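Asker: Please find one structure pasted underneath; my questions will follow.
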DNA sequence: CTTGATCGTA
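In the UniProt record's numbering, the protein residues as written are 1 to 635.
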């Protein structure tokens, strides 16, 4: 606990200052080697048993300096002794000294001592309020930070440009948009409304609460934007599922002559990872080197994630192996990377390595990665084992995500009774992810009965999501119940719901090419369809018959065939094939799941065209090569 | 003499 608190501490003094403080502290402890400053402390005392009391501070300045060095070094013991002496020396009610003590207690995890000291102070200035608010904003309970902020008004203390960013940080963590907006209203029009720190806090608070537009309004209202505010805004886009805008803003930042920092790169690389924009990510990798961040572990970890999400798991692993110190996030990124790609063995091997090295302890995210690896590998037994390992050995409380993995893997295996029992035994309310996982299993095994139940729950939870209706409709269609399928579809249209339009995109030479179903808007559309037809000819020679099951409309077979033919991922692949030299790896991203027919077709294409094709689905990756897919038809 | 903002994993 201690090192993490210390490492978070931002008030690191300069070397010279630190040296001076160390000297002061050691002379106070009576173990001085270096000569103490002549003006404040006299000669080094002879060694004695209670040596830390040997050179007793006398003046206010001495107390202040020594306390400051305690804060810098986190010396709680010495701080406590000083605290006691302050009380008897009549300096107990001094706010400056008390502020330092509050700071020290809070930094060492004794927020309640800090609070006690604070409550006992006869007079409190804004500094004192700020350090305590900071303690709560950092360590929690964060509600207390907000409460303190509100309490300032009653005590007639005016918050300042330091108070607001702290309160906003607490609001961001609590997702307390109400208080956040109050702060915004209160500062706007005042001099603090112009402060970059306050504005950066506002941007971050809005971003964490999911209000990107409010964040943007604040951002563009700032006259002088510094690197941090740019970074906050880039992160705001990235954290709210708008990676493309994050990438564009990074470019804007450079154009505006603001020098990117490592935070800029990390946020932008993470955005590139989310957009599966490999060329852009590699470009950023290069910038990272040029700007001198190339050797930093933090940068490398974000690159591990980016390369893994862009389909280059091997490159990700090389970078992972280069890390000088492997933090928990690094392990998690790599394990999850393997998991997404269905490399269950590698994921589990790495997890074991993590346990053997034992420098970091796995957390709930690690287990999300491990369980999803088991899930994508269809390893029911292993999934159950790791779940109990997590609960029994690591005492990690399972979240809904962990349960979702288990339900998914059980559903896939057709073990519906176990899956349903698991759901019923959960300590929390099952969410849409759980029912969605169950429904998916029902679809694979054509379990209409349980599928209907899962869908009913799904419609209750998210009545606006058309995807649920489509799934049920598919179940009916697959079991030949066309009337029911049509009924669900009608229900969907009656409620005014529209299916999410499937789209796929591929990035070539730094440009993104997107395709919708049956899209003919691309400049090279004619060539794309010619290529598709050519491939289809070769495929039927190999005995391929289109599977039109995924089309649940009650239309003629020819039309159905055309509907699957125009699926967006095929267009993107065909475009990739005609625009790159033979043998180039293709990476296509799709906003939904790949349909069964496309999956079969892409396997064949990979063989006919002798290409490695990677499809990034909403859930996972499919690596097609030589007529096979890494998912082994299990997804 | 004190106090503040951004960043990588699900």
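Idealized CB from N, CA, C, for every residue including glycine.
On a predicted model such as this, the values are computed, not experimentally measured, just so you know.
Which first and last residues belong to the beta strand (DSSP E) in which residue 503 is found?
Answerer: Locating residue 503 in the first chain gives position 503, counting from the first residue. From DSSP, the beta strand (DSSP E) with residue 503 extends over 503-508.
Asker: Rounded to the nearest angstrom, what separates residue 250 and residue 230 at their Cα positions?
Answerer: For this step, residue 250 is matched to residue 250 along the first chain. For this step, residue 230 is matched to residue 230 along the first chain. Straight-line Cα distance between these residues: approximately 8 Å.
Asker: Considering only the alpha carbon of each residue, which of 89, 212, 123 and 78 lies closest to residue 99?
Answerer: Against the first chain, residue 99 aligns to sequence position 99. Residue 123 is the option with its Cα nearest to residue 99.
Asker: Residue 60 and residue 91 - do their beta-carbons sit closer together than 8 Å?
Answerer: Counted from its first residue, the first chain places residue 91 at position 91. Counted from its first residue, the first chain places residue 60 at position 60. Contact: yes.
Asker: Comparing alpha-carbon positions, which option in 224, 371 and 268 lies nearest residue 303?
Answerer: What you label residue 303 is simply residue 303 of the first chain in a count that begins at 1. Residue 303 has its Cα closest to that of 268, out of 224, 371 and 268.
Asker: Mind checking residue 427: buried by the 16 CB within 10 Å criterion, or exposed?
Answerer: Counted from its first residue, the first chain places residue 427 at position 427. The residue is exposed, with fewer than 16 neighbouring Cβ atoms inside 10 Å.
Asker: Taking contact to mean at least 3 C-beta pairs separated by less than 8 Å, is the region 197-213 in contact with the region 175-189?
Answerer: Flag = yes, the region 197-213 and the region 175-189 touch.
Asker: Does the structure place the region 521-530 close enough to the region 572-589 that three or more beta carbon pairs sit under 8 Å?
Answerer: In short, these stretches touch, since the Cβ pair count reaches three.
Asker: Helix, strand or coil, according to DSSP, for residue 40 in the structure here?
Answerer: If you number the first chain from 1, residue 40 lands on position 40. With a pLDDT of 35 at residue 40, under the threshold of 50, the predicted position of this residue should be treated as unreliable, though the coordinate-derived value follows. Of the three classes helix, strand and coil, the one that applies to residue 40 here is coil, per DSSP.
Asker: Could you tell me the alpha carbon to alpha carbon distance between residue 419 and residue 504, rounded to whole angstroms?
Answerer: Residue numbering aside, residue 419 sits at position 419 when the first chain is read from its first letter. Residue numbering aside, residue 504 sits at position 504 when the first chain is read from its first letter. Their Cα atoms are separated by approximately 32 Å.
Asker: Please go through the same chain and pick out, in chain order, the residues whose beta-carbon is closer than 8 Å to the beta-carbon of residue 157, but skip the five residues on each side of it.
Answerer: To locate residue 157, count along the first chain from 1; it is residue 157. These residues qualify, in order along the chain: 124, 125, 126 and 129.
Asker: Determine the direct distance from the alpha carbon of residue 339 to that of residue 376, and round the result to whole angstroms.
Answerer: Start at 1 with the first residue of the first chain, and residue 376 comes out as number 376. Start at 1 with the first residue of the first chain, and residue 339 comes out as number 339. In a straight line, the C-alpha of residue 376 is about 7 Å away from that of residue 339.
Asker: Could you give the DSSP three-state label for residue 621: helix, strand or coil?
Answerer: Mapped onto the first chain, residue 621 falls at position 621. The answer is strand: DSSP assigns residue 621 an E or B state.
Asker: Mind listing, in chain order, the continuous alpha helix (DSSP H) runs of no fewer than 4 residues lying wholly within the region 244-294?
Answerer: Listed in chain order, the complete alpha helix (DSSP H) runs (minimum 4 residues) inside the region 244-294 are 262-274 and 278-290.
Asker: Assign residue 153 to one of two classes, buried (16 or more other C-beta atoms within 10 Å of its C-beta) or exposed (fewer than that).
Answerer: Reading the first chain from its first residue, position 153 is the one you call residue 153. So residue 153 ends up on the exposed side.
Asker: Tell me the rounded alpha-carbon separation between residue 416 and residue 485.
Answerer: Counting from 1 along the first chain, the entry for residue 416 is found at position 416. Counting from 1 along the first chain, the entry for residue 485 is found at position 485. For residue 416 and residue 485, the distance between alpha carbons rounds to 23 Å.
Asker: Check whether the Cβ atoms of residue 200 and residue 206 sit closer than 8 Å, and answer yes or no.
Answerer: Here residue 200 refers to the residue found at position 200 of the first chain. Here residue 206 refers to the residue found at position 206 of the first chain. No, these two residues do not count as a Cβ contact at 8 Å.
Asker: Is it buried or exposed, residue 359, if we count other Cβ atoms within 10 angstroms and call 16 or more buried?
Answerer: Numbered from 1 along the first chain, position 359 holds the residue referred to as residue 359. By the 10 Å Cβ count, residue 359 comes out exposed.
Asker: Whose CA, out of 363, 115 and 512, lies closest to the CA of residue 397?
Answerer: Within the first chain, residue 397 is the residue found at index 397, counting from 1. Closest by alpha carbon: 363.
Asker: Check whether the region 605-613 and the region 284-300 are in contact - that is, three or more C-beta pairs closer than 8 Å.
Answerer: The region 605-613 is not in contact with the region 284-300.
Asker: Checking the sheet assignment: what are the DSSP bridge partners for residue 516?
Answerer: In the first chain, residue 516 corresponds to position 516, counting from 1. Per DSSP, 503.
Asker: Pull up the CB-CB distance for residue 714 and residue 350, whole angstroms please, since I reckon it's below 8 Å.
Answerer: In the structure displayed, the chain extends from 1 to 635; residue 714 sits before or after that span and is not available.
Asker: Runs of 4 residues minimum, wholly inside the region 410-492: which ones carry the alpha helix (DSSP H) assignment?
Answerer: Qualifying alpha helix (DSSP H) stretches, in chain order: 416-424, 432-444, 448-461 and 466-478.
Asker: Could you check how far apart the C-beta atoms of residue 102 and residue 132 are, in whole angstroms? I think they sit under 8 Å.
Answerer: What you label residue 102 is simply residue 102 of the first chain in a count that begins at 1. What you label residue 132 is simply residue 132 of the first chain in a count that begins at 1. Right, the Cβ-Cβ distance comes to about 6 Å (below 8 Å), so this counts as a contact.
Asker: In the DSSP assignment, find the beta strand (DSSP E) that holds residue 590 and state where it starts and stops.
Answerer: If you number the first chain from 1, residue 590 lands on position 590. Looking at the DSSP string, the run of the beta strand (DSSP E) that includes residue 590 is 586-590.
Asker: Measuring only the C-alpha atoms, how far is residue 47 from residue 146?
Answerer: Your numbering for residue 47 matches position 47 in the first chain. Your numbering for residue 146 matches position 146 in the first chain. Summary for residue 47: the model assigns pLDDT 38, below 50, so the residue's position carries little reliability; its value from the coordinates is reported in the next sentence. If I take the Cα positions, the gap works out to 48 Å.
Asker: Hey, how far is the Cα of residue 265 from the Cα of residue 84?
Answerer: Translated into positions along the first chain, residue 265 becomes position 265. Translated into positions along the first chain, residue 84 becomes position 84. Spanning the two alpha carbons is a distance of roughly 47 Å.
Asker: Quick one: give me the first and last residue of the beta strand (DSSP E) that residue 616 is part of.
Answerer: Counting from one through the first chain, the residue named residue 616 turns up at place 616. Unbroken beta strand (DSSP E) run through residue 616: 613-616.
Asker: So, for residue 240: in the same chain, excluding its five sequence neighbours on each side, which residues have a beta-carbon less than 8 Å away from its beta-carbon?
Answerer: If you number the first chain from 1, residue 240 lands on position 240. Excluding residues within five positions, the ones whose Cβ falls inside 8 Å are 207, 210 and 212.
Asker: Taking the alpha carbon of residue 445 as the point to measure from, which residue in 411, 327 and 342 has its own alpha carbon closest?
Answerer: Taking the first residue of the first chain as 1, we reach residue 445 at position 445. The shortest Cα separation from residue 445 among 411, 327 and 342 belongs to 411.
Asker: Please say whether residue 567 and residue 517 have beta carbons closer to each other than 8 Å?
Answerer: On the first chain, residue 517 is found 517 positions in, with the first residue counted as 1. On the first chain, residue 567 is found 567 positions in, with the first residue counted as 1. Yes, the Cβ-Cβ distance between residue 517 and residue 567 is below 8 Å.
Asker: Buried or exposed for residue 224, going by 16 or more other Cβ atoms inside 10 Å?
Answerer: Taking the first residue of the first chain as 1, we reach residue 224 at position 224. Exposed, since its Cβ has fewer than 16 Cβ neighbours within 10 Å.
Asker: Hey, residue 276 and residue 309: beta-carbon distance below 8 Å or not?
Answerer: Position 276 of the first chain, counted from the start, is the residue given in the question as residue 276. Position 309 of the first chain, counted from the start, is the residue given in the question as residue 309. A contact, by the Cβ cut-off of 8 Å.
Asker: Could you work out which residue in 159, 176, 169 and 583 is closest to residue 190 when comparing CA atoms only?
Answerer: Position 190 of the first chain, counting from 1, holds the residue named residue 190. Here the closest residue by C-alpha is 159.
Asker: Looking at residue 605 and residue 535, is the spacing between their C-beta atoms short of 8 Å?
Answerer: Sequence index remark: in the first chain, residue 535 carries index 535 (1-based). Sequence index remark: in the first chain, residue 605 carries index 605 (1-based). In this structure, residue 605 lies closer than 8 Å to residue 535 by Cβ.
Asker: Compare the C-alpha of residue 422 against each of 435, 432, 429 and 407 and name the closest.
Answerer: In the first chain, counting from the first residue as 1, residue 422 sits at position 422. The shortest C-alpha separation from residue 422 is found at 407.
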